[in-house]
Each structure stands twice: as structure tokens, then as C-alpha cells.
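Below: one structure, written as C-alpha cells.
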């Protein structure tokens, strides 16, 4: 017995794996992770190179239901300070992200017209719009304006029309603004389905907002030393509901002082914040949308900064969740925030491809040895260009995806029943399926072979089946083995008999359960290959025209093929070829000149 190990491996994403000698396992967190706290039952960080337990001031609380709707979060009715040892690696560049929601609702929803004055009203007419509250359609509305109507006329008509739904006011810059009547309730008007548009008359309308602000400015997120401002990063939610960004260099000099604009928010929803920076620029996102880009123009260095997240009291505070800090620049364009928590292990099923090369004979492969984690590994195998997985008691063609893969125990038990061809490469794909908290690993994968055993009979077609073939009328072939003869409908596994693929032809032959036939496969160049189940000189396989509706010309060639297996010993001169002679004569007729069949 010989144990064959793999020649090389490739990863779907190498950053998700660790490899030590022959062991491959999921990586625990990424190398760029500096800090993680998700507040599921504790203020302690889930990942920190220094002390993961914070110093607590005031009365912060663990609250139910986090930003993902399932576990818990932190109510910052006080402060949490995590020590500087963890954040030494946060230097010239970084990514800071967290989920944030206000612990208060102080403001109404609002929407403001873009222009202060309407366009010219040249005739008496009606102007229409749709009204939404809490993102729910309230109805279609109309304001009637006379020729020459002014801003005051629009204001009065609009205030009257939606009085029971909205408070119409003049904003600080004298533009007309609509406010919801309920604190924290979004309000929005949209274009009408027909008629003249009030929105067009007023030059458009700004996006709806809820400028929900604290009663005092709150520096809710701080990367800051215990004294001074050296390398400090400070995020502030001010009393106008603007987010302010301050960054200081290593000498404590203020280098970035930016207003990132209004944060529209309510206490019902969390939004993901991200600040990414390097020595050139900084970018700030809310909810995956780029809010602000700014120049940094300095390099953070020798940072000895704590992380301090804080609120003022039970009135002015925020709810925070899923703080993730990395030492590499993050997103540089709009992105979609994840819907799941960061877990120790990657949970989106990456894979590793293991390449064994060629040379594996059908008769010589005896077993597979796997040493893997108790759960989580799934396998598919590729011979030539075809993937296979074990399903419903047989090896079947796979698309190579996780959904058509095989668990480790089933794969190991049935591996030797595959149908090997020494001329084609053998690859094994291993999927690593973790729930995010359990590691998945492979420590050994070896193929056991026995040299010098007898081989199977095999035949290869010449028709290139690289597209589809019409088998709606001619659909049958005759397959003969040493066990018997079977007429096979090679279109029987097709979704469309008029457009049959190579994979469907192979599946149809396998489904026919031809006695003495091991498997239908291909040679990697889109030619159909048939292999006998038996081995040695007594094994035999052929393919020929069916008595009717023959598809041989379409999928194989116009003559058919035959082959016998071989023993592990040289056949001597007294071997009996009578059965082979009778078969050849039945197909070709009696010879016209004397012939001799020898070895």
C-alpha cells in the first residue's frame, strides 16, 4: 500500500485560513483586528491584545436587543474606558466602526423645499403631491394657487391642506418646511402620479430627516490619551444633530476639525458608523453611505490612547453595539453593512482546493484517509473537468458548490468507489462550514493506492460535447459489458431533450444502472468515457448503435468502441480469445483475409 498526499493547495480566500505543515484550519479573526466588543451580556471586549475589561464610570447598562435584533447592547449612561495597550497597533491608518442609536427622541421629522420661492404661477391651477408618515402612504393632496402666487400663498395653502398631518413652518433660512406632529416620526412628500407637481414648483425637496439631537454636545466616541490630546480621535454628536470629527497629531495639535453633517436618527433604529483614515485622507460613513471626505495630512505615531465611549446621564446618552477597530484603512465607497455579528471564525463557507495530480488508476485506489474536525467539512472531487459528490447511494455529477457536496464520513467511506482515470488530474475541494464560533480544520487527507493490480476496461468517444445536442428524436445507444447488454436512453436525465448537455448524458447512463458498467465520465476535453466495473482480462465494455432511434453518431462516433481490461500479469500465448473473436465477428463480419488475434 502507498499513501499519496496532495501536491499543492489553493484557497477561495487565503486570509480566512491558517496553514501549519499539513493542517489547514479557519483563521480566528483577521490579522488586522485590533478590538472587538459586542456587549452580549458583558462590557468585556471579545478581542483585545491588552486588558479586555473596561474601567466603568457612572451607570452604563447592558440592554436587551442589539443592532442585529437578537442579543444585547450597551446603554452609555456613563463611560467605558479600555486601556491603551490594546490600541498601540492603531497607528498611521485604521478603520473604526460601530452601531449607534440615540437613547432619546427629542425632535420631529422634517422635510424642506429646496427653493425659498415658487416658480412663476402663470394661471390658476392645482399642484399635487403624495404624503408619507412613518414611510406609510397617507394620501394624495392638492394645493390650489392663483396666478402670481407667492411663497406666502404656497405656505398658507399647504398648511391648510395637511394641517391634521403636519406642522408647516418657515425654516431658519425662510424656506418652507414640513414637520411631523409626532416626535421621532419621519415625514416625506413625493411626486404625484398625475397633474402639476408642487415639488417641481418649489424647485425640488431635500431628503427627509429627523435631526434628533441631545440637549448638550456628547463626545460619545474617543480614542484619546489619559491626559492631553496626542493622537486623539473624537466623535461628537452636537445639539444640532451634526456629527463632528476631530483628529490630533502625535504632538497633540488639532489637524482635523470637520462637520460631517446632520445625522438623521431615532431611538428605534441603529445605524452603522465607520471612520477610515490614513496619513492622506479620512472618510466617514453612516449606514454604508459616504457622508464626508476630508484631508488628514498627518501620520499618527507612538499612540498611547485609550478607547472611551461615554454618555452624560440617563437623558443624554447613546446605545452602542459591535465596536470593531482595525489597523487598516476600510471602505472607500458606499457599502452594504453586514447583517450578522463578527464572530471568531468566518461563517460564509470558504473552501480549499487540494490538487493531487494524475496517475490514479481505477484498479489501484483502495481507500481515503481523512483526519478532520468533528463537523463542518464538506467535500467534492473533480476528475478531469467533472465534479462529483455522493448522493442517494451513488456518485453523481456535481456543480462543485457547497449545496452539491458530501460530508466527510460519507466522502471517506465511498471514495474508493469513484471511477478513476490515470490520465487526468484528481482534485478535491473542501468546504469549511462554521457557525462562526466553532473552528473547522483538516489535518490529513491521503489517498491509499495499491500498485500492480488489474485494470478496468475503458472506452472514449470522439464527439466533442462542449455544448448541447438534440436528442429529442434519436436518443438511444447500446452498451455491452461482460455482464450483459442494455439499451440506454441518453436523454432521460435532460431538462430539455432538444438541448442535452454532457453532464445530463452522463447522468442518464448512470441512472440506467447498466450491469457491469462502473460509471460514465469524461476525459476533460468534452468526450464521453465509459469504464467497466470489473477489472482484469475478463472485464469488457463496448458501445454501439441501438436497434432503433440510435444516438451513437450524435454523442460518440459512427462506429462504436470496445475494450477489455488487463491483468497485472502478462497474458501468455495460450490465452483464449474466442469470446473477443466472436464479438468482433458479430460487429464486423467474417474477415476477408486470414487474421490472427494475439497478445
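Numbering (our numbering), first residue to last: 1 to 599. By construction, the Cβ of each residue, glycine as well, lies at the ideal position given by its N, Cα and C atoms. Note that the structure is predicted; figures quoted are calculated from it, not measured.
Buried or exposed (CB count within 10 angstroms, at least 16 for buried), residue i
i           : result
residue 214 : buried
residue 547 : exposed
residue 506 : buried
residue 449 : buried
residue 578 : With a pLDDT of only 47 at residue 578, under the threshold of 50, the placement of this residue in the model should not be trusted; the figure read from the coordinates follows. Exposed: under 16 other Cβ atoms inside 10 Å.
residue 247 : buried
residue 122 : exposed
residue 143 : buried
residue 326 : buried
residue 396 : buried
residue 13  : exposed
residue 515 : exposed
residue 437 : exposed
residue 406 : buried
residue 166 : buried
residue 136 : exposed
Helix, strand or coil at residue i [DSSP, three-state]
i           : result
residue 232 : coil
residue 504 : helix
residue 95  : strand
residue 222 : strand
residue 307 : strand
residue 67  : coil
residue 142 : strand
residue 509 : helix
residue 417 : helix
residue 72  : strand
residue 404 : helix
residue 88  : coil
residue 14  : helix
residue 593 : Bear in mind that the predicted position of residue 593 carries a pLDDT of just 47, short of 50, making it unreliable; the figure below should be weighed with that in mind. Correct three-state label for residue 593: coil.
residue 549 : coil
residue 167 : strand
residue 468 : coil
residue 301 : coil
residue 46  : coil
residue 39  : coil
residue 263 : coil
Where the alpha helix (DSSP H) through residue i begins and ends
i           : result
residue 155 : 151–161
residue 410 : 408–414
residue 217 : Where residue 217 is concerned, there is no enclosing alpha helix (DSSP H), given that its DSSP letter is neither H nor E.
residue 553 : 552–555
Check whether residue i and residue j have beta carbons under 8 Å apart
i           : j           : result
residue 352 : residue 29  : no
residue 97  : residue 356 : no
residue 107 : residue 212 : yes
residue 8   : residue 17  : no
residue 358 : residue 423 : yes
residue 133 : residue 185 : yes
residue 476 : residue 489 : yes
residue 482 : residue 540 : yes
residue 205 : residue 224 : no
residue 101 : residue 269 : yes
residue 350 : residue 220 : no
residue 470 : residue 499 : yes
residue 416 : residue 361 : no
residue 543 : residue 561 : yes
residue 73  : residue 39  : yes
residue 463 : residue 523 : no
residue 176 : residue 131 : no
residue 54  : residue 76  : no
residue 171 : residue 209 : no
residue 281 : residue 294 : yes
Extent of the continuous beta strand (DSSP E) run through residue i
i           : result
residue 201 : Per DSSP, residue 201 belongs to no beta strand (DSSP E); it is in the alpha helix (DSSP H), 198–201.
residue 531 : 528–535
residue 489 : 485–489
residue 561 : 561–564
residue 462 : It is not in any beta strand (DSSP E) - residue 462 carries neither H nor E in the DSSP assignment.
residue 177 : 176–183
residue 319 : 318–326
residue 377 : 377–383
residue 398 : 394–398
residue 446 : 441–449
residue 126 : 125–133
residue 239 : Where residue 239 is concerned, there is no enclosing beta strand (DSSP E), given that its DSSP letter is neither H nor E.
residue 388 : 386–391
Cβ distance (whole Å) where residue i is taken to contact residue j below 8 Å
i           : j           : result
residue 187 : residue 139 : That belief does not hold up - the Cβ atoms of residue 187 and residue 139 are roughly 13 Å apart, past 8 Å.
residue 260 : residue 284 : 5 Å
residue 555 : residue 528 : 6 Å
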